[in-house]
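A quick write-up on the structure given underneath.
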Amino acid sequence: MPSKHTEKSKGVMPSSTDAAEGAVSDKPAQDAVVVGLAGKAPPASQSSSQPRSRKKSTKKGRRKRRPSQKPIKTRTVPSAEKGPAAMSTLQPSTGSPPTHPAATSGVTTAQTALGQQSSMYPTSLALPDSTAVPTHSPKGVSNYPEKASTEAKVFAIMLLAGAVVAFTILLLPSPVPKRSRLCITQSCAEHRGLIESQLDESLDPCQDFAAHVCGRWAPRKEFVELSRSALTDMVMAWKSKVPDTLLKGVAWLPAGRKAAAMFNSCMTQTGSQVDVIKNFMSTHGLVWPEDSVGNSPDPVEVLFDLAFNWNANLWFTLDLLPSAADNQQKRRLFIAPNDLTLEWRSIFRQIPRKFFDKFYRTMFRLFASGTDTSPLPHRIGESYNRLKYVFDEIISSSTGKARVPAVLPLRELDDLTDLTNSTYIKRTIDTKLGIQPPFTMEDLILLSDVALLHAILNIFGEIDDSVVRRHLAWLFLEACAAVASPATVLLILYGSKRRAEAVRPLFCAGQVEASYKLLVSAMVAVMQFSEEERRSVDTHLASILEVGANAYCV
Numbered sequence: 001m002p003s004k005h006t007e008k009s010k011g012v013m014p015s016s017t018d019a020a021e022g023a024v025s026d027k028p029a030q031d032a033v034v035v036g037l038a039g040k041a042p043p044a045s046q047s048s049s050q051p052r053s054r055k056k057s058t059k060k061g062r063r064k065r066r067p068s069q070k071p072i073k074t075r076t077v078p079s080a081e082k083g084p085a086a087m088s089t090l091q092p093s094t095g096s097p098p099t100h101p102a103a104t105s106g107v108t109t110a111q112t113a114l115g116q117q118s119s120m121y122p123t124s125l126a127l128p129d130s131t132a133v134p135t136h137s138p139k140g141v142s143n144y145p146e147k148a149s150t151e152a153k154v155f156a157i158m159l160l161a162g163a164v165v166a167f168t169i170l171l172l173p174s175p176v177p178k179r180s181r182l183c184i185t186q187s188c189a190e191h192r193g194l195i196e197s198q199l200d201e202s203l204d205p206c207q208d209f210a211a212h213v214c215g216r217w218a219p220r221k222e223f224v225e226l227s228r229s230a231l232t233d234m235v236m237a238w239k240s241k242v243p244d245t246l247l248k249g250v251a252w253l254p255a256g257r258k259a260a261a262m263f264n265s266c267m268t269q270t271g272s273q274v275d276v277i278k279n280f281m282s283t284h285g286l287v288w289p290e291d292s293v294g295n296s297p298d299p300v301e302v303l304f305d306l307a308f309n310w311n312a313n314l315w316f317t318l319d320l321l322p323s324a325a326d327n328q329q330k331r332r333l334f335i336a337p338n339d340l341t342l343e344w345r346s347i348f349r350q351i352p353r354k355f356f357d358k359f360y361r362t363m364f365r366l367f368a369s370g371t372d373t374s375p376l377p378h379r380i381g382e383s384y385n386r387l388k389y390v391f392d393e394i395i396s397s398s399t400g401k402a403r404v405p406a407v408l409p410l411r412e413l414d415d416l417t418d419l420t421n422s423t424y425i426k427r428t429i430d431t432k433l434g435i436q437p438p439f440t441m442e443d444l445i446l447l448s449d450v451a452l453l454h455a456i457l458n459i460f461g462e463i464d465d466s467v468v469r470r471h472l473a474w475l476f477l478e479a480c481a482a483v484a485s486p487a488t489v490l491l492i493l494y495g496s497k498r499r500a501e502a503v504r505p506l507f508c509a510g511q512v513e514a515s516y517k518l519l520v521s522a523m524v525a526v527m528q529f530s531e532e533e534r535r536s537v538d539t540h541l542a543s544i545l546e547v548g549a550n551a552y553c554v
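Counting with the UniProt record's numbering, you get residues 1 to 554 for the letters of the sequence shown.
What follows is the structure, encoded as structure tokens:
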């Protein structure tokens, strides 16, 4: 019984003569395929066992195709299930006939396919019961289309990877140049020398740090009797130059005549104006040394009125700032610590308690209206203790740690602390500050430090309003009583006429500088800086303001 492979090959297998003709007519192509397939052409005897009528070749009329245009990609081999006999067609011919019909069938089928495709190279050989496996291109046949496609893909991947790397580099933060933490400018060197000159290295800082740091400190020669610290030295050095600034600065800035006139009035005043000061205090809710009678104003109203309308800053300063942008209608009420509070506490701490009692009694006699010119002992102790408590509470909130500013609408002030009442604050602003148009709940409260607000609220929570009013009256007299009678009050403060005369120019300069701060600063700038230097300073200040405004708007 003929095998399955033999039946399929009937009528399709060419004779040995036909195979020879095919081999002659298509020798280059056949040789290339058969050599690529088995290394040698199969013997002619393998195809003579199944004679059939010759099938005409289809190569006529077709143009030969270059081998490089369509390379052979795969070839088929007999399946492993056929055994070793099926693989015999792939072995070099030795002249002996094949031992299995399947081998002859596979070869003749391949020859027929070669005869039909003429010189065109097939992509595969349809061997029966075979499995396709990749093969190399025949010798002389190029893989240019496939290789070009592969190279294009590799180039595209490399280009994409380069773009990703470049984009990643652009997104990385640029390295910030390291800045030296050591200041080497001339001013820093001078400040370092000033600090080192005051160190007492013979003392152990772990035992007494204050003595180690300030043990060798010596006051400046010109302020030897008035100096108390390096800070007071700097303040007095500034104030000592104000008289000369007012005298010479008028030639550069004629508007300075007002400040100069105030300074001359303070220096030449001989009479007493105690009644003027007492009437002013009574009008604005401050009564001392007598007790207040009748309906006294709230302490918050007194503080707002003195700070905003009279520049008499006791616990804090109060200023109305314009809107941050031209298209913004919201105004800002700026609350900041009083810079003089630190100086006042420094002086207060250096006054012995006995001297404080003496000063209090002398001031009581000077300002008393009736026949009783002796204060009650408990009032002296009350004034001393309240002054110490207020100084410590306010100053400790604004020194020794970073400030935390805040800006918020007036209506949100209630959310900041439970002790505030935005409605009451608005009414105080409307009645005491006289801002037009009236302040609204949408206008802003700007705090230089939230801790200052908490300190003020703590004071009101601990001290009764009547005690706070007496404290404010006494603090106002300590700050401004010398205006009523400079010679007398300075004599009381400094204990001798000579020291009172030495300190009077500094006192008057401080009064003028507090009232005409910007004007005095402008006169100093005109005298000590050239026009080019002032223009450079203005440019830097403008850039700082722009940065601050942009940060605020964001």
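Think of the CB as a built atom: it goes at the ideal place given N, C-alpha and C, for glycine as much as any other residue. Quantities reported herein were computed from a predicted structural model and do not represent experimental measurements.
Across the structure, Arg498 and Ile435 are spaced so that their CA atoms are roughly 46 Å apart. The Cβ-Cβ distance between Val274 and Ala484 falls below 8 Å.
If you draw a straight line from the Cα of Leu314 to the Cα of Thr341, it is about 8 Å long. Take the alpha-carbon of Leu306 and the one of Ser265: they are about 22 Å apart. Using a Cβ distance threshold of 8 Å, Ile195 and Ala481 do not count as a contacting pair. Contact between the segment 408-417 and the segment 431-450 is present, with at least three C-beta pairs closer than 8 Å. Counted as a single uninterrupted DSSP element, the alpha helix (DSSP H) harbouring Ile492 occupies residues 486-494.
Taking 8 Å as the cut-off, the Cβ atoms of Leu506 and Met236 count as close. For Asp319, the beta-bridge partners assigned by DSSP are Phe334. Arg535 counts as exposed, since fewer than 16 other C-beta atoms from the protein chains shown sit within 10 angstroms of its C-beta.
With contacts defined by Cβ atoms closer than 8 Å, Val407 and Val450 do not form a contacting pair. Separation of the CB atoms of Leu433 and Phe280 is rounded to 18 Å, and the pair is thereby denied contact status at 8 Å. Between Leu247 and Leu387, the C-beta spacing is not below 8 Å.
Looking at Leu199, Phe308, Leu366, Glu531, the one whose alpha-carbon comes closest to that of Phe334 is Phe308. Per DSSP, reduced to three states, the secondary structure at Val287 is coil, with no helix or strand assignment. From the listed residues Gly548, Met527, Asn550, Glu546, the smallest Cα separation to Pro254 is found for Met527. Just so you know, the alpha carbons of Trp238 and Ser187 end up roughly 17 Å apart. A Cβ-Cβ distance of about 7 Å is found for the pair Phe367 and Trp288, placing them in contact under the 8 Å criterion.
A direct Cα-to-Cα measurement between Ser466 and Ala210 gives close to 39 Å. Minimum Cα-Cα distance from Tyr494 among the listed residues Ile351, Pro205, Ile394 corresponds to Ile351.
Pairing Arg216 with Ser197, the inter-Cα distance amounts to about 7 Å. In the DSSP assignment, Pro243 falls within the unbroken alpha helix (DSSP H) covering 230-252.
Cα atoms of Lys330 and Trp344: separation of roughly 35 Å, rounded to the nearest angstrom.
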